[in-house]
Structures are given as C-alpha cells and as structure tokens.
Amino acid sequence: MIFHYINPSGLILSRIPFGYGVDLFFVLSGFLITSILFKIKDDTVHSRFHDLKNFYVRRSLKIFPIYYLTLIFLTLIQFQNYKEVNPWVFTYTTNIWIALEKPYLGSYNHLWSLAVEEQFYLLWPVLILWASYKNIKPLIVLVIIASIIFKIGLYNYSGQWVPAINASPFGCMDSLGLGALLAYFLNFQKSFYEKFILNKWIFLGVFIIYFLAIMVPVFPETKWIPDIFSNTLFSLLAFFILAPAATDRYNGIVKRVLENKIIIHLGKISYGLYLYHFFMPDFFNYLNSIGLFLGNTDNFRVAFYFVACLLFSEISWFLIERPVLKLKNRFA
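The numbering used here puts the first residue of the sequence shown at 1374, with every later residue one more than the last.
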C-alpha cells in the first residue's frame, strides 16, 4: 500500500523494497499451503479426492465471496474498462494479460498477484498430494530451479519485458517454491532447519548478497541482474525471515510488534486491504466529482486512501468474510 499510494522516491527510500511485499506473501503462502497439504497427506480416513475437494472448498470460501461481489459491483456501475478486462478478472488470468503485454489494467492491475495465487492453489495440491514423500523435496527444488531458468529465457524472448517475468505463473514459482521448501524442512528435516536455516550468519550472508545485487545502484550493463533475479533474491531473504517466525523464535521488540493485537487484527482483514486498496483513489475522485471537495493536497489524499481502505476492509470482514469463513468448519 505504501508502494502504490506514495511510490517513495529518493536515493534511500526508493531502495526500500516496499513493492516486494507481494513476494513475501508468495513465500508465506507457499509455506502455509504446503504445510496444510502435508497434514492432509497424512489423512488415512478419507480419499485423496475427498481431501482435495475440501481443500478447494475452503480456499473458495476464503477468496471468492468478496472478490466476485466486488467485480459484480464494478460491472454494474460500468467501472473503467470493465468490458475489456472482465473475462480476465473473472477467470483469475489478469497475470496472463500482463505477461502478454496487453494494455494497462487500470485499477484492476493489482489483481495479477491473486491470479497467480489461484493458479497455484489449482495445481500445487495435486502435485503434493499424489507425489511420494521421497520425491517431494526433489520436486520442490526442481520447480524452483525451473522457474529461474524460465525467467531467464522469458526475459530474452520477450525483449526484456520485466512484467512478463514477474506476472507469469511459472515465473512466480521460485517464490512459492521457497515457501514450500521451508515447510518441507520444518516438517521432515528439523535438525537441518535448526542448524542451517535458523543460522544468523547464513541470513546475514543472504542479506549482503541481496543488498549488493539489488539495493545498491547498478551499472547499465548489469541491469539484467535486478530485472531477472530481484524477486528471487528477495524471496530467498523472505525465506530466512519467515523461518524464525514459523518456530516462534522472534523475541524482544520484534515479537511485541508482530504479536500486537492491532497487527494481528490487520492480518485478519488483510485480504480486504489487498483487494480494495487499489480502488481508493477512484473512490476519492468520485466523492470530489459529486461535490464533496475533501481537499486535494497529497498528504490528505494519501491519508484518505489508507483510512477509507481500512474502513471498507473492516466492514467487509464483519459483514461478509467472517460469517462465510464459519462454513469452513464443515470442510475440515
């Protein structure tokens, strides 16, 4: 939201990776979804198809209601280029639109990352649930390596069209795969997890590599390094950031911040924050167009975006999301 609302500039602020929040989420999602699938895989009572059906139903109850209600509302008010983008947003393929160098999606643009998630939800459970345990780690590692090779090839094939790399479903599998690998180590190689992944010196080394390769100003001839590998390297950094959280190793001020009640509540409504935030500038402009001149300074506009998005997300959570999510208990 900071990246989209403020787009920080300057030598220092512009180097802070606000926009990589989506990569952090991909790693976290890969970790959580794969952890869930490992628990499902141990189920000896139900069939694989029964477990797969329940998995899809639970994901649908989480994702679909406010997403499709939002799209239907925007269609009814004939919002922006809705006729052109509706076939893509309704089918979770906006990332393909971006990868194909279609025109800018406008206020629907952020939905590309949710499209990647849905494609991941569709295919990943099948691979994990039907793969043997001995093949799961090689499978995850192969997916990560293949994703990196795919990005290198696509970068050259697309004429260095960077959005194609970032938005292609397989181009994001390195981030999702790193999260899945973290889940594997935690579940099946705990000693390796403790000695290597939680090692502070290894984390420091990864951070230095990331900093030198991405955050410091680059020479023109090395532009391809951040173009291709910035998301991968940040995802690797996120891998080591999430590892202590997964085993409750953070303490002190970091623990107090992350476990603060306000932060936890923002986590609960975070899907709404994600879904609605890109539409807040349009909402602000609409209110001004009907005579509610709210003030046009940059600081006021940005404050309005944050507050309005928070209010929309709160209402969405209490009126729609929370009641619907109670149905998940029927599909344990």
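C-beta: ideal position from N, C-alpha, C; glycine also.
Residue range of the alpha helix (DSSP H) that residue i falls in?
i	result
proline 1536	1535-1540
glycine 1552	1546-1561
glycine 1664	From DSSP, glycine 1664 is part of no alpha helix (DSSP H); its letter is neither H nor E.
tryptophan 1574	1573-1583
isoleucine 1379	Counting along the chain, isoleucine 1379 falls outside any alpha helix (DSSP H), and DSSP gives it neither H nor E.
leucine 1444	1421-1449
aspartate 1621	Where aspartate 1621 is concerned, there is no enclosing alpha helix (DSSP H), given that its DSSP letter is neither H nor E.
histidine 1650	1643-1650
glycine 1526	1506-1530
serine 1689	1671-1689
serine 1486	1485-1503
tyrosine 1455	1455-1462
phenylalanine 1399	1394-1414
isoleucine 1471	1467-1472
Rounded to whole angstroms, what's the CA-CA distance from residue i to residue j? Just pull it up for me.
i	j	result
leucine 1434	leucine 1555	26 Å
lysine 1475	proline 1536	11 Å
phenylalanine 1565	phenylalanine 1685	44 Å
leucine 1667	threonine 1448	26 Å
leucine 1648	tyrosine 1440	7 Å
asparagine 1702	tyrosine 1455	35 Å
isoleucine 1575	leucine 1551	16 Å
phenylalanine 1673	leucine 1646	19 Å
serine 1548	serine 1402	9 Å
tyrosine 1494	isoleucine 1642	20 Å
glutamate 1490	isoleucine 1636	23 Å
leucine 1500	asparagine 1669	51 Å
asparagine 1427	histidine 1638	26 Å
phenylalanine 1704	serine 1420	14 Å
proline 1511	isoleucine 1521	15 Å
asparagine 1658	valine 1458	21 Å
phenylalanine 1584	glycine 1578	10 Å
lysine 1634	glutamine 1492	32 Å
isoleucine 1517	phenylalanine 1580	19 Å
glutamine 1562	leucine 1502	19 Å
With the cut-off set at 7 Å, would you say residue i and residue j are in Cβ contact?
i	j	result
threonine 1464	leucine 1484	no
serine 1486	valine 1400	no
tyrosine 1393	phenylalanine 1607	yes
aspartate 1424	aspartate 1416	yes
proline 1498	leucine 1410	yes
isoleucine 1480	phenylalanine 1651	First, the amino acid is wrong: residue 1480 is serine here, not isoleucine. In this structure, phenylalanine 1651 lies closer than 7 Å to serine 1480 by Cβ.
alanine 1540	alanine 1618	no
phenylalanine 1391	isoleucine 1375	yes
valine 1462	leucine 1444	yes
isoleucine 1372	proline 1438	The shown model of the chain, from 1374 to 1705, leaves out residue 1372, and the question about it has no answer.
Using CA atoms only, rank isn't needed, just tell me which of the options is closest to residue i.
i	options	result
isoleucine 1436	Val1697, Arg1703 and Phe1704	Val1697
phenylalanine 1398	Ile1693, Ala1553, Leu1527 and Ala1519	Ala1553
phenylalanine 1613	Tyr1583, Leu1585 and Ile1570	Ile1570
isoleucine 1598	Asn1380, Tyr1528, Phe1704 and Ile1471	Tyr1528
tyrosine 1378	Ser1689, Thr1620, Phe1677 and Phe1602	Phe1677
asparagine 1560	Asn1572, Gly1640, Ile1509 and Ala1519	Ile1509
proline 1542	Phe1404, Trp1470 and Ile1693	Trp1470
isoleucine 1538	Asn1604, Leu1512, Ser1505 and Lys1573	Asn1604
tyrosine 1429	Phe1584, Leu1496, Phe1657 and Asp1415	Leu1496
leucine 1610	Ser1408, Lys1573 and Glu1490	Lys1573
tyrosine 1644	Phe1691, Asn1459, Ile1413 and Phe1452	Phe1691
phenylalanine 1602	Cys1545, Leu1631, Gln1451 and Asn1380	Cys1545
leucine 1683	Asp1671, Ile1522 and Met1653	Met1653
threonine 1407	Ile1518, Phe1558 and Ile1389	Phe1558
glycine 1640	Asn1624, Val1680 and Glu1687	Glu1687
isoleucine 1525	Val1418, Pro1460 and Asp1600	Asp1600
So does residue i have its beta carbon nearer than 6 Å to some heavy atom of the ligand NAD?
i	result
proline 1390	Among the components of this structure there are no ligands whatsoever, and the ligand NAD is therefore not found.
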